[in-house]
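**Student:** What follows is a structure written as structure tokens; I'll ask about it next.
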Amino acid sequence: MKARLFKHLILLFFIINFSTAHATDNAELVLQSLANVEQYHSDEGNQFVLSKNKHGCKIEARFYLSNHQILTSYIFNQKGIVSAAERTYQYKYEKGEEGSLAHITDIYLSGTVYLDPADPKTQQELNDFKALFPITEIKKCL
9 MKARLFKHLI LLFFIINFST AHATDNAELV LQSLANVEQY HSDEGNQFVL
59 SKNKHGCKIE ARFYLSNHQI LTSYIFNQKG IVSAAERTYQ YKYEKGEEGS
109 LAHITDIYLS GTVYLDPADP KTQQELNDFK ALFPITEIKK CL
């Protein structure tokens, strides 16, 4: 039991550190992070991070699924959405252990979709995610 918990903690540490690997702006300040928000159910949980960077605000919505994870990033400021993208990361498992989070050996980017900042669906999703955070935190990066 302890060994399995340790493996999950190592995996979580790897995933959290890996999530910053795509960042192009090193000067980010995390303002708030939320995990396992019930209204956004996914197989293995979720995480929402609000951070401040030189462009304004960034919200990352990460959904952990049984075989992959989806990371949607929104960079926005007072004028609106600067950029938005959805990245899919696949899990690589030990042979014969597919689907077991305790046996993930690697995580790799398998696809990126750039979202149209003017698309009403993109704007609505960002507004829904912004609503998870206190307005005082959002104002810190606008």
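Under my numbering, the sequence shown has 28 at position 20, and the numbering climbs by one with no breaks. Cβ atoms here follow ideal geometry from the backbone N, Cα and C, with glycine treated the same way. Owing to the predicted nature of the structure, the values given are computational and were not obtained by experimental measurement.
(1) Per DSSP, which residues does D114 bridge with? Please list them.
(2) By the three-class DSSP mapping on this structure, what secondary structure does K60 have?
(3) If the criterion is Cβ atoms closer than 8 Å, does the pair F141 and A69 meet it?
(4) At what residues does the beta strand (DSSP E) containing Q77 begin and finish?
(5) Just to check my reading of the structure: I146 and C65 have Cβ atoms closer than 8 Å, yes? What is that Cβ distance to the nearest angstrom?
(6) Nearest CA to the CA of G88: which residue from D51, E105, Q55 and Q131?
(7) In chain order, what residues of the same chain have a beta carbon less than 8 Å from the beta carbon of Q40, not counting five sequence neighbours either side?
(8) My output table needs one value for K66: the three-state DSSP class, helix, strand or coil.
(9) Where does A92 land, buried or exposed, given buried means 16+ other C-beta within 10 angstroms?
(10) Please state if the CB of I115 and the CB of Y99 are separated by a distance shorter than 8 Å.
(11) Does the distance from the C-beta atom of Y97 to that of S118 stay below 8 Å?
(12) Based on the DSSP output, what are the partners of Y122 in its beta bridges?
(13) To the nearest angstrom, how far is the alpha carbon of N7 from that of G104?
(14) Quick one, which of T113, I83 and Q47 has its alpha-carbon nearest H63's?
**Tutor:** This is what the structure holds:
(1) By one-based count along the sequence shown, residue 114 stands at place 106. According to DSSP, D114 bridges with K100.
(2) If you number the sequence shown from 1, residue 60 lands on position 52. DSSP, read as helix, strand or coil, puts K60 in strand.
(3) To locate residue 141, count along the sequence shown from 1; it is residue 133. To locate residue 69, count along the sequence shown from 1; it is residue 61. No. Outside cutoff.
(4) What you label residue 77 is simply residue 69 of the sequence shown in a count that begins at 1. Counting along the chain, the beta strand (DSSP E) containing Q77 begins and ends at H76 to N85.
(5) The residue labelled residue 146 in the question sits at position 138 within the sequence shown. The residue labelled residue 65 in the question sits at position 57 within the sequence shown. Rounded, the Cβ-Cβ distance is 7 Å, consistent with contact.
(6) Walking along the sequence shown from the start, residue 88 turns up at place 80. When each option's Cα is compared against that of G88, the closest is Q131.
(7) By one-based count along the sequence shown, residue 40 stands at place 32. Cβ within range, chain order: V57, L58, F141, P142 and E145.
(8) Numbered from its first residue, the sequence shown carries residue 66 at position 58. Note: K66 maps to strand in three-state DSSP.
(9) In the sequence shown, residue 92 corresponds to position 84, counting from 1. The residue in question, A92, is buried, as its Cβ has 16 or more Cβ neighbours within 10 Å.
(10) Taking the sequence shown and counting its residues from 1, the one referred to as residue 99 is at position 91. Taking the sequence shown and counting its residues from 1, the one referred to as residue 115 is at position 107. Their beta carbons are under 8 Å apart, which means Y99 touches I115 by this criterion.
(11) Sequence index remark: in the sequence shown, residue 97 carries index 89 (1-based). Sequence index remark: in the sequence shown, residue 118 carries index 110 (1-based). A distance below 8 Å separates the beta carbons of Y97 and S118.
(12) Residue 122 sits at position 114 when you count from the first residue of the sequence shown. DSSP lists A93 as partners of Y122.
(13) Coverage of the chain is limited to positions 9 through 150, which leaves residue 7 absent and any answer about it impossible.
(14) By 1-based counting over the sequence shown, the position of residue 63 is 55. When each option's Cα is compared against that of H63, the closest is I83.
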